[in-house]
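Structure, as structure tokens:
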Amino acid sequence: MKTIVMLATSVGIAVPLNVGAADTRTIWVQNCASCHAKDGSGSTMMGRKLGVKDYRDPTFQGAFSDAEAERAIREGVKTNGKETMKPFGTKLSDSDIKGLVKYIRSFKK
Ligand code: HEC
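Residue numbers (the working numbering): 2 to 110.
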């Protein structure tokens with residue numbers, strides 16, 4: 002049952018997330034900004050609801066390593082056992098993911 006649900010989900014999002022060679026900023030705006038905001042502040046309706054942190058704040062930048070950020074993007078994020086950020090590992094290439102981590106680091110004030 003779980004497999005069927007997950008399959009349906011990945012088919013459903015396959016088209017809009019097929020970003021190909023899009024640049025990192027476009028990927029961020031299209032896939033991440035709905036929660037994390039364009040400026041990384043997390044001040045969106047979804048971001049506030051899900052408790053997204055302000056990545057302009059050096060404290061939160063220091064709270065995760067590059068490797069942890071990559072893993073979060075690949076495997077998603079769970080908060081109290083509930084998926085709050087879905088995995089992007091099958092949608093984004095390794096170089097896209099590494100580019101996103103760099104991009105997130107650039108929010109730091
Ligand atoms: C549906 C909302 C949502 C979307 C869309 C989303 N995220 Fe997240 N993300 C979250 C939440 C919730 C957290 C956990 C709270 C936090 O650390 O800010 C999180 C955490 C993170 C973290 C920190 C992980 C850690 O180890 O602390 C990174 C990095 C991240 N997201 C990157 C991305 C990238 C890149 C994208 C787009 C490809 C993206 N997110 C899309 C909700 C989302």
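Note that CB positions come from ideal geometry on N, CA and C, so glycine has one too. Note that the structure is predicted; figures quoted are calculated from it, not measured.
Quick one: give me the first and last residue of the beta strand (DSSP E) that K83 is part of.
-> Looking at the DSSP string, the run of the beta strand (DSSP E) that includes K83 is K83 to M86.
Is L35 near the ligand HEC, in the sense that its beta carbon is under 6 Å from a heavy atom of that ligand?
-> Checking the sequence shown, residue 35 turns out to be Ser, not Leu. With a cutoff of 6 Å, S35 counts as near the ligand HEC, since its C-beta is closer than that to a heavy atom of the ligand.
Nearest-angstrom Cβ-Cβ length linking D97 and I28, presumed shorter than 8 Å = 6 Å between Cβ atoms; contact.
Take G77 and list the residues in its own chain whose beta-carbon comes closer than 7 Å to its own, dropping the five residues that flank it on each side.
-> Counting only Cβ-Cβ distances below 7 Å, and skipping sequence neighbours, we find E84, M86, K87 and P88.
Measure the alpha-carbon distance for G52 versus R72 and round it to whole angstroms.
-> Approximately 19 Å, taken between the alpha carbons.
State the DSSP-derived secondary structure class of T60, mapped to helix, strand or coil.
-> In the structure shown, T60 sits in a helix (DSSP, three-state: H, G or I).
Closer than 7 Å by C-beta to A70: which residues in its own chain qualify, once you throw out the five before and the five after it? Chain order, please.
-> Answer for A70: V102 and I105, listed in chain order.
Per DSSP, the bridge partner or partners of V78 | BP columns for V78 point to M86.
Taking 6 Å as the line, does the beta carbon of N81 fall inside it for any heavy atom of the ligand HEC?
-> No; taking the cut-off as 6 Å, the Cβ of N81 has no heavy atom of the ligand HEC nearer than that.
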